[in-house]
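Peer 1: Let me begin by handing over the structure; questions about it come next.
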Amino acid sequence: MSAVSELSHHILTTILDALELHELHGADGGPALLLPLTVPDQPPARLRLWGGQAIGRLVSIEIEAPALALSAHILGAFAAPGSPLPHLFVDLVAARGSQSVAFDLLPRVDLAASVEWMDAVLTPLSAAQQELAEIEGARALPLNHRLRAFLSPWSAALECGEAALAGPLRRVIEAYVDHWLRLVGGALPEAADLEHSPALLGARDHRYRAHLFSADVDPVWRRIAGLVGDAGASQLQAALRGEAISAAAH
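Add 2 to a position in the sequence shown, counting from 1, and you land on the number used in this note's numbering.
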């Protein structure tokens with residue numbers, strides 16, 4: 003098991019242990035969706051989904067292609083569309099000896115106009131984020147400006163070695179996950195969501211995720227389409243957007 007695979011499994015287990023979620027299986031009782039790769043003789047990409055009262059949807063995407071020395075894992079834990087809670091997003095990739103990670107608590111509101119929300123949800127991450135600058139062997143990855151506009155100022159996108167991923171960087175990611183779980187457990191102050199109606203939050207979330215999980219904003223989807231085909235990439239995007247997946251049993 004690669005370092006990114008182990009960390010992804012650890013984060014997934016942490017969330018499942020903390021929240022009462024039920025898995026949405028495919029017709030055969032397995033993952034919600036299996037997508038054959040365009041590279042011959044490789045295991046299929048796996049999409050797993052969970053639902054529950056605590057959050058709207060938990061999404062796990064795994065792409066393992068040994069022939070390409072590729073191990074890619076996407077975890078998205080999405081609050082209900084009308085909830086003021088942030089979405090947790092973690093992207094872990096190992097490719098030909100290099101590891102890259104990206105993680106954030108995705109904003110649900112305009113931060114500059116919602117300082118109470120920002121201070122409750124994101125400001126507590128400041129100490130953990132500052133530790134990133136001290137991690138030996140980690141360097142920031144360049145992101146295009148359009149993609150950055152969808153992320154919080156507390157987001158991180160880094161390339162690192164396995165030692166960092168197993169040690170200090172792992173601890174920072176765990177701090178983000180633990181903070182998100184506390185918010186889901188009821189730590190979001192009432193003052194942080196007084197001005198945000200469920201209808202407005204839901205409408206914003208629909209537009210936000212439709213753009214964020216698109217090749218127009220995030221070029222990584224072109225690479226994913228190269229691995230699972232355009233139709234397969236569209237299914238994965240739909241899962242992350244909170245849309246129906248035809249192959250999943252709901």
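C-beta atoms are modelled at their ideal positions from N, C-alpha and C, and glycine is treated no differently.
For residue 77, which beta-bridge partners are listed by DSSP?
Peer 2: In the DSSP output, where bridge partners are listed per residue, residue 77 has 62, 92.
Peer 1: Exposed or buried, residue 19, counting other C-beta atoms within 10 Å across all chains shown (16 or more means buried)?
Peer 2: When all chains shown are included, residue 19 counts as exposed.
Peer 1: Using the Cα positions of residue 62 and residue 46, report the straight-line distance between them to the nearest angstrom.
Peer 2: Cα-Cα distance, rounded: 14 Å.
Peer 1: Going along the chain, which residues of its own chain have a beta-carbon closer than 7 Å to the beta-carbon of residue 92, five neighbours each way excluded?
Peer 2: These residues qualify, in order along the chain: 13, 77, 105, 175.
Peer 1: Please report how far the alpha carbon of residue 71 lies from the alpha carbon of residue 144, in whole angstroms.
Peer 2: The alpha-carbon atoms of residue 71 and residue 144 are separated by roughly 22 Å.
Peer 1: In three-state terms, what does DSSP make of residue 115?
Peer 2: It is helical.
Peer 1: Can you grab the Cα-Cα spacing for the pair residue 15 / residue 156, in whole Å?
Peer 2: Rounded to the nearest angstrom, the two C-alpha atoms are 24 Å apart.
Peer 1: Mind reading off the beta-carbon distance from residue 215 to residue 242? Whole number of angstroms is fine, and I expect it under 8 Å.
Peer 2: So it is a contact: roughly 4 Å between Cβ atoms.
Peer 1: Using 8 Å as the threshold, is the C-beta distance between residue 6 and residue 96 below it?
Peer 2: The answer is yes: Cβ separation under 8 Å.
Peer 1: Could you compute how far the alpha carbon of residue 82 sits from the alpha carbon of residue 58?
Peer 2: For residue 82 and residue 58, the distance between alpha carbons rounds to 4 Å.
Peer 1: Tell me residue 53's beta-bridge partners as DSSP assigns them.
Peer 2: In the DSSP output, where bridge partners are listed per residue, residue 53 has 24.
Peer 1: Can you grab the Cα-Cα spacing for the pair residue 120 / residue 182, in whole Å?
Peer 2: Cα to Cα, residue 120 sits roughly 13 Å from residue 182.
Peer 1: Three Cβ pairs or more, each shorter than 8 Å: is that satisfied between the stretch 197-206 and the stretch 230-242?
Peer 2: Output reads no: the stretch 230-242 does not touch the stretch 197-206.
Peer 1: According to DSSP, is residue 102 helix, strand or coil?
Peer 2: Residue 102: strand per DSSP, three-state reduction.
Peer 1: CB-CB under 7 Å to residue 142, same chain, minus the five flanking residues each way: which ones, in chain order?
Peer 2: If we look at residue 142 and ignore the five residues flanking it on each side, its Cβ neighbours are 159, 160.
Peer 1: Which residue's Cα is closest to the Cα of residue 68: 224, 98, 10?
Peer 2: When only C-alpha atoms are compared, the closest one is 98.
Peer 1: Taking only the alpha-carbon atoms, compute the straight-line gap between residue 34 and residue 25 and give it to the nearest angstrom.
Peer 2: Whole-angstrom Cα-Cα distance: 9 Å.
Peer 1: If you draw a straight line from the alpha carbon of residue 246 to that of residue 212, how long is it in whole angstroms?
Peer 2: Roughly 13 Å separates the two Cα atoms.
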